[in-house]
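For reference, each letter of the sequence shown is one residue, going 10 to 174 in our numbering.
Glycine included, each C-beta is placed from N, C-alpha and C at the ideal position.
Shown next, in structure tokens, is the structure this report addresses.
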Amino acid sequence: MGTMVFRFFEGDAPETVANFKRLVREGFYDGLPFYRVVSGHVIQAGDGGENDKPLVKGEFGAYPHVTGAVGLARDEDPDSGSTEIYICHAPRPHLDGRYAVFGLVVEGFDVLEAIGQVEVIEDWVGDEKNIAFHKPTEEVVIVRAFLEKRVLGPVETPSSSEETP
Numbered sequence: 010m011g012t013m014v015f016r017f018f019e020g021d022a023p024e025t026v027a028n029f030k031r032l033v034r035e036g037f038y039d040g041l042p043f044y045r046v047v048s049g050h051v052i053q054a055g056d057g058g059e060n061d062k063p064l065v066k067g068e069f070g071a072y073p074h075v076t077g078a079v080g081l082a083r084d085e086d087p088d089s090g091s092t093e094i095y096i097c098h099a100p101r102p103h104l105d106g107r108y109a110v111f112g113l114v115v116e117g118f119d120v121l122e123a124i125g126q127v128e129v130i131e132d133w134v135g136d137e138k139n140i141a142f143h144k145p146t147e148e149v150v151i152v153r154a155f156l157e158k159r160v161l162g163p164v165e166t167p168s169s170s171e172e173t174p
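As structure tokens, then:
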């Protein structure tokens, strides 16, 4: 589908950024699918199962969940994030202060939009089958994740209700 480029917020989430960069250098995300796609909410990738990767302390900075915000998924424990990332497909202000935003899509919004519009099936999960899990009918795979240094201008912190770009 194309390439997305992220800017990292090392000032807001230094441990989360360092963890993500380490996983990228290890090739962890290469070949993994976006296994959850909820149009108007998030696209999610990483390891949805058990793994031996270290947990990251929750870092809930000032950057809001705007379209293109990149965050670290976790369970109920705020210090349980590890490998699962999500990218906001729309502003999600109800997530502000509850999940670590550690980056922002700065190129490839067309790719984010295309992934956000793929056909999905609802798979109801959880002990009481009360959680809708939107799985793409055709796999959308991260072919290769890599790190590249770029010089980018300053970033302003928008309110979570604003669209990005």
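- Straight across, the Cα-Cα distance linking Pro42 with Ala54 is about 6 Å.
- Cα atoms of Val33 and Leu156: separation of roughly 7 Å, rounded to the nearest angstrom.
- Per DSSP, the beta-bridge partners of Phe17 are Gly112.
- Gly90 is the residue among Phe69, Ser48 and Gly90 whose C-alpha sits nearest the C-alpha of Pro63.
- Cβ-Cβ separation between Ile151 and Gly40: approximately 7 Å, consistent with a contact (criterion under 8 Å).
- The alpha-carbon of Ile96 is positioned some 21 Å away from that of Gly162.
- Rounded to the nearest whole angstrom, the CA to CA distance from Thr92 to Ala99 is 22 Å.
- Taking all protein chains in view, the Cβ of Asp105 is crowded by 16 or more other Cβ atoms within 10 Å, so the residue is classified as buried.
- Using a Cβ distance threshold of 8 Å, Ala82 and Val110 do not count as a contacting pair.
- By the C-beta density criterion, Thr146 is exposed, having fewer than 16 other C-beta atoms within 10 angstroms.
- For the set Lys144, Arg153 and Phe15, the Cα lying nearest the Cα of Gly80 is the one of Phe15.
- In the DSSP annotation of this structure, the continuous segment of the alpha helix (DSSP H) that includes Ala123 starts and ends at Phe118 to Gly125.
- By the Cβ neighbour-count rule, Glu131 is exposed, with fewer than 16 other Cβ atoms within 10 Å of its own.
- Straight across, the Cα-Cα distance linking Arg107 with Met10 is about 30 Å.
- Note on geometry: alpha-carbon atoms of Ala141 and Trp133 lie some 5 Å from one another.
- Rounded to the nearest whole angstrom, the CA to CA distance from Tyr38 to Tyr44 is 12 Å.
- Apart from the 5 residues on each side of it in sequence, Val65 sits with its Cβ closer than 8 Å to the Cβ of Glu24, Thr25, Asn28, Leu81, Asp88, Gly90, Ser91 and Ala109 in its chain, given in chain order.
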